[in-house]
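J.:
Protein chains: 2
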Amino acid sequence: MPHARILIRPKAGILDPQGVAVEQALPQLGFQPAENVRIGRLVELDVADATELEAICDKLLANPLIEDYEIQVDA
Amino acid sequence: MPHARILIRPKAGILDPQGVAVEQALPQLGFQPAENVRIGRLVELDVADATELEAICDKLLANPLIEDYEIQVDA
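The following block contains the structure:
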């Protein structure tokens, strides 16, 4: 079965409260500041039919209204 | 600022209920079956000091007891 990795990110312009929380926490924990922190999801799976992955993302894994996704299939 | 991507996954052997739910949902939605579905997190950020990323993961972004992480820093 081909192995696939799907990176799901909040779309540009969509507020990412988890990312904001991380950005604010870093200096409080004594770390250097960070910018543009975005928290998304990582889905890894072995699929029988990799051509279905886009439909699987649209219907099940991602919310296309507020999230972008990137599909990487191992050769 | 260097751009970094952090992939956070449930450790092998740790139950991943979200992954199980996706695995069960796929045939019900008419898709081919998938195996070894694991749901993790994706953190992308621009950091002032990339050498801090491992400590940031250990202290803030990941739970080292149940999660593994992989740090990718863009050149």
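Protein sequence lines correspond, in order, to chains B and H. If you're matching positions, the first sequence starts at 1407 in this note's numbering and goes up one per residue. If you're matching positions, the second sequence starts at 1407 in this note's numbering and goes up one per residue. For glycine and all other residues, C-beta sits at the position ideal for the given N, C-alpha and C. Since this is a predicted model, take the numbers as computed values, not measurements.
Can you tell which of H/Glu1429, H/Leu1413, H/Val1443 and H/Val1426 has the C-alpha that lies nearest to the C-alpha of proline 1470 of chain H?
T.: Start at 1 with the first residue of the second sequence, and residue 1470 of chain H comes out as number 64. Of the listed residues, the one whose Cα sits closest to proline 1470 of chain H is H/Leu1413.
J.: Would alanine 1468 of chain B pass as an interface residue toward chain H - the criterion being a Cβ-Cβ separation below 7 Å?
T.: Translated into the one-based positions of the first sequence, residue 1468 of chain B becomes position 62. Not closer than 7 Å to any Cβ of chain H, the Cβ of alanine 1468 of chain B fails to qualify, so no.
J.: Are the CB atoms of valine 1428 of chain H and valine 1443 of chain H nearer to each other than 7 Å?
T.: Against the second sequence, residue 1428 of chain H aligns to sequence position 22. Against the second sequence, residue 1443 of chain H aligns to sequence position 37. Yes, the Cβ-Cβ distance between valine 1428 of chain H and valine 1443 of chain H is below 7 Å.
J.: Could you give the distance in angstroms between the alpha-carbon of leucine 1435 of chain H and the alpha-carbon of aspartate 1455 of chain B?
T.: Position 29 of the second sequence, counted from the start, is the residue given in the question as residue 1435 of chain H. Position 49 of the first sequence, counted from the start, is the residue given in the question as residue 1455 of chain B. The alpha-carbon atoms of leucine 1435 of chain H and aspartate 1455 of chain B are separated by roughly 14 Å.
J.: Using a threshold of 7 Å, state whether the C-beta atoms of isoleucine 1477 of chain H and lysine 1417 of chain H are closer than that.
T.: Counting from one through the second sequence, the residue named residue 1477 of chain H turns up at place 71. Counting from one through the second sequence, the residue named residue 1417 of chain H turns up at place 11. Against a cut-off of 7 Å, the Cβ pair of lysine 1417 of chain H and isoleucine 1477 of chain H comes out as no contact.
J.: Going by DSSP in three states, leucine 1471 of chain H sits in which element: helix, strand or coil?
T.: Position 65 of the second sequence, counting from 1, holds the residue named residue 1471 of chain H. Note: leucine 1471 of chain H maps to coil in three-state DSSP.
J.: Here's the rule I'm using: 16 or more other beta-carbon atoms within 10 Å means buried, otherwise exposed. How should isoleucine 1445 of chain B be labelled?
T.: Here residue 1445 of chain B refers to the residue found at position 39 of the first sequence. Under this definition isoleucine 1445 of chain B is a buried residue.
J.: In the DSSP output, which residue or residues are listed as bridge partners for glutamate 1476 of chain H?
T.: Here residue 1476 of chain H is taken as the residue at index 70 of the second sequence, counted from 1. According to DSSP, which records beta bridges pairwise, glutamate 1476 of chain H is partnered with H/Leu1413.
J.: Please report the distance separating the alpha-carbon of isoleucine 1462 of chain H from that of tyrosine 1475 of chain H.
T.: In the second sequence, counting from the first residue as 1, residue 1462 of chain H sits at position 56. In the second sequence, counting from the first residue as 1, residue 1475 of chain H sits at position 69. For isoleucine 1462 of chain H and tyrosine 1475 of chain H, the distance between alpha carbons rounds to 11 Å.
J.: Going by C-alpha distance, which of B/Glu1460, B/Glu1458 and B/Leu1451 is nearest arginine 1411 of chain B?
T.: Here residue 1411 of chain B refers to the residue found at position 5 when the first sequence is read from its first residue. Looking at the Cα atoms, B/Leu1451 is the closest of the given residues.
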